[in-house]
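Everything in the sequence shown is counted per the numbering used here, starting at 4 for the first residue and increasing by one.
Yeah, the Cβ is synthetic: ideal placement off N, Cα and C, and Gly gets one too.
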Amino acid sequence: MASSLLKNDTVLRMIPPVAEGIIRGLGKSLSMEYVDPEGIREQQQQGPLLWAFWHNRFLLMPYMFEKLVPNRRAVVMISRSWDGEIISTIAARFGIRCARGSSSRGGHNAFHEMVNLVTKEGLDAAITPDGPRGPRYQVQAGIMHLAQLTQRPIVPISYHLKRKWELRSWDKFQVPVPFTHCTLQAGRMIHVPRQTTPQELAALTEQLRVSMGE
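So, in structure tokens, the structure goes:
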């Protein structure tokens with residue numbers, strides 16, 4: 004038991020700096036193109052934004068957020084699993100705070116922590132609408148509920164890699180081939196009124212899914 008704990012503690016110390024170096028190295032190697040027809044990147048003085056991206060694009064998002072909007076702070080929901088502990092430590096190295104929880108464990112508390120960090124501390128929120136278990140490219144209800152409670156707009160964002168590896172996971176997690184071309188695209192902001200009919204909410208959800216592409 005003691006050796007297992009020691010091993011886990013050692014892994015927790017070793018993996019995040021190595022992973023950070025890999026992510027930064029991959030990011031710097033890419034030929035980047037940024038597509039932002041709404042000029043969201045330049046709107047630095049507006050309030051918190053809810054950035055929505057697919058789960059399989061998680062790898063590069065901390066690096067891109069840090070580089071593209073360096074003056075903004077964000078929070079992301081990460082599960083309470085051991086993998087989640089490592090991911091949250093890596094995210095912290097990019098200045099991203101983590102609300103710990105998922106749909107199966109601690110999700111309610113983590114969700115309300117995100118609401119408080121957005122509304123009271125002015126943090127952006129980074130959300131994977133199809134995470135943590137899918138189905139892939141399907142928007143779950145959480146992000147729409149967050150937008151309703153915070154009354155902050157959703158920004159659909161995604162990147163597209165000319166060359167990449169896809170892992171054999173439910174989301175086909177994407178890893179860029181070094182030095183490939185990457186197009187990072189931000190879509191039109193989506194506002195979700197506090198009061199909506201089920202039909203209106205379904206239409207906004209579909210608008211978000213389409214805006215994020217695949």
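When burial is assigned at 16 or more other CB atoms within 10 Å of the CB, is S172 buried or exposed?
Start at 1 with the first residue of the sequence shown, and residue 172 comes out as number 169. It counts as exposed.
Can you list the beta strand (DSSP E) stretches of 3 or more residues lying completely in the segment 43-105, in chain order?
Those beta strand (DSSP E) runs which fall completely within the segment 43-105 and span 3+ residues are 53-55, 77-81, 99-103.
Roughly how many whole angstroms lie between the Cα atoms of A113 and T186?
For the purposes of this step, residue 113 is taken as residue 110 along the sequence shown, with counting starting at 1. For the purposes of this step, residue 186 is taken as residue 183 along the sequence shown, with counting starting at 1. Taking C-alpha positions only, A113 is separated from T186 by approximately 31 Å.
Under DSSP, the alpha helix (DSSP H) around Q188 begins and ends at which residues?
Counting from 1 along the sequence shown, the entry for residue 188 is found at position 185. For Q188, there is no enclosing alpha helix (DSSP H); the enclosing beta strand (DSSP E) has its first and last residue at 184-189.
Going by C-alpha to C-alpha distance, which of C101, R60, P20, G24 sits closest to G134?
Taking the sequence shown and counting its residues from 1, the one referred to as residue 134 is at position 131. When only C-alpha atoms are compared, the closest one is R60.
Specify, as a first and last residue, the run of the alpha helix (DSSP H) that V213 falls within.
As a working note, residue 213 is residue 210 in the sequence shown. Its alpha helix (DSSP H) spans residues 201-215.
To the nearest angstrom, how far is it from the Cα of A5 to the Cα of D12?
The sequence position of residue 5 within the sequence shown is 2, counting from 1. The sequence position of residue 12 within the sequence shown is 9, counting from 1. Confidence in A5 is poor, its pLDDT being 42 and thus under 50, which makes the residue's placement unreliable; the coordinate value appears in the next sentence. Roughly 10 Å separates the two Cα atoms.
CA-to-CA distance, V158 to K123, given in whole angstroms:
As a working note, residue 123 is residue 120 in the sequence shown. As a working note, residue 158 is residue 155 in the sequence shown. Computed Cα separation, rounded: 20 Å.
Unbroken alpha helix (DSSP H) run spanning M35, endpoints:
For the purposes of this step, residue 35 is identified with residue 32 of the sequence shown, where counting begins at 1. The continuous stretches of alpha helix (DSSP H) do not include M35, which lies in the beta strand (DSSP E) extending over residues 34-38.
In terms of DSSP beta bridges, what is A228 paired with?
Residue 228 cannot be examined here, being either before or after the span of the chain that is shown, 4 to 217.
Whether L15 touches E88 by CB criterion (8 Å):
Start at 1 with the first residue of the sequence shown, and residue 15 comes out as number 12. Start at 1 with the first residue of the sequence shown, and residue 88 comes out as number 85. Between L15 and E88, the gap from beta carbon to beta carbon is short of 8 Å.
Is DSSP giving H194 helix, strand or coil here?
For this step, residue 194 is matched to residue 191 along the sequence shown. It is coil, neither helix nor strand.
Sorted by chain position, which residues of the same chain lie with C-beta nearer than 6 Å to K165's C-beta, five sequence neighbours on each side aside?
Residue 165 sits at position 162 when you count from the first residue of the sequence shown. For K165, same chain residues with a beta-carbon under 6 Å away, outside a window of 5 residues either side, are T183, H184 in chain order.
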